[in-house]
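Numbering (the UniProt record's numbering), first residue to last: 1 to 181.
Idealized CB from N, CA, C, for every residue including glycine.
Here the structure is laid out as structure tokens; the discussion comes afterwards.
Take a look at the structure:
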């Protein structure tokens, strides 16, 4: 089923451009418009039967109809005032007085940034000091561990010597006991 055609109109210079199209989007495409002329109030849907007759006879074709006669155009042109010639003798009173320069906006404050950076630096220094203290403690503990191991090995060697001597004595007495029994 073919879409129902509607007639749309937009002014183009001294002419009105009419088109019969199924939607506003198709009408805008036919006119080659880059923006939505309907939203800006420049284009409209036509409901007058006399104005709809020609576009409906040729759907999809842009039909240009002059807006007024040539005489009307010239008459409107004659009514408009010609531009005034500049007179260099008179000062221009219509020009607006020069604007005072705006005060430049003040530069943003660095106070918050500086405070945050100082806090970071203080935290980093405290961390470095604590780590250095722990490193010193670690070095001291390492020396103490080495000293304890050395002393422990000496004590262990003495005790092992004592065990060997005690075992010899025991074995000798055990051998004598077996021989006596």
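To the nearest angstrom, how far is it from the Cα of residue i to the Cα of residue j?
i, j, result
"residue 48", "residue 35", "25 Å"
"residue 65", "residue 16", "5 Å"
"residue 3", "residue 72", "39 Å"
"residue 116", "residue 127", "16 Å"
"residue 32", "residue 105", "45 Å"
"residue 108", "residue 99", "26 Å"
"residue 118", "residue 41", "60 Å"
"residue 164", "residue 132", "48 Å"
"residue 30", "residue 38", "14 Å"
"residue 150", "residue 123", "41 Å"
"residue 144", "residue 161", "26 Å"
"residue 114", "residue 125", "16 Å"
"residue 23", "residue 5", "8 Å"
"residue 153", "residue 121", "48 Å"
"residue 136", "residue 158", "34 Å"
"residue 142", "residue 148", "10 Å"
"residue 171", "residue 178", "10 Å"
"residue 46", "residue 102", "51 Å"
"residue 61", "residue 70", "25 Å"
Grab me the residues of residue i's own chain with a C-beta within less than 7 Å of its C-beta, minus the 5 sequence neighbours each way, in chain order.
i, result
"residue 55", "7, 18, 19, 20, 63"
"residue 76", "none"
"residue 155", "none"
Considering just the uninterrupted stretch of the alpha helix (DSSP H) at residue i, what are its terminal residues?
i, result
"residue 186", "Outside the shown range of the chain, which is 1 to 181, sits residue 186, and nothing can be said about it."
"residue 120", "111 to 180"
Leaving out five residues on either side along the sequence, give the residues of the same chain with a beta carbon under 6 Å from the beta carbon of residue i.
i, result
"residue 1", "Low confidence applies to residue 1: its pLDDT is 43, below 50, so where it sits in the model is not reliable enough to give any reading."
"residue 134", "none"
"residue 59", "5, 20"
Starting from residue i and walking both ways along the beta strand (DSSP E), at which residues does that stretch end?
i, result
"residue 65", "63 to 66"
Which of helix, strand or coil does DSSP assign to residue i?
i, result
"residue 46", "strand"
"residue 21", "strand"
Excluding the five sequence neighbours on either side, which residues of its own chain have a C-beta within less than 8 Å of the C-beta of residue i, listed in chain order?
i, result
"residue 14", "66, 67, 68, 73"
"residue 25", "none"
Quick one: measure Cβ to Cβ for residue i and residue j, integer angstroms, because I've assumed they're closer than 8 Å.
i, j, result
"residue 43", "residue 9", "7 Å"
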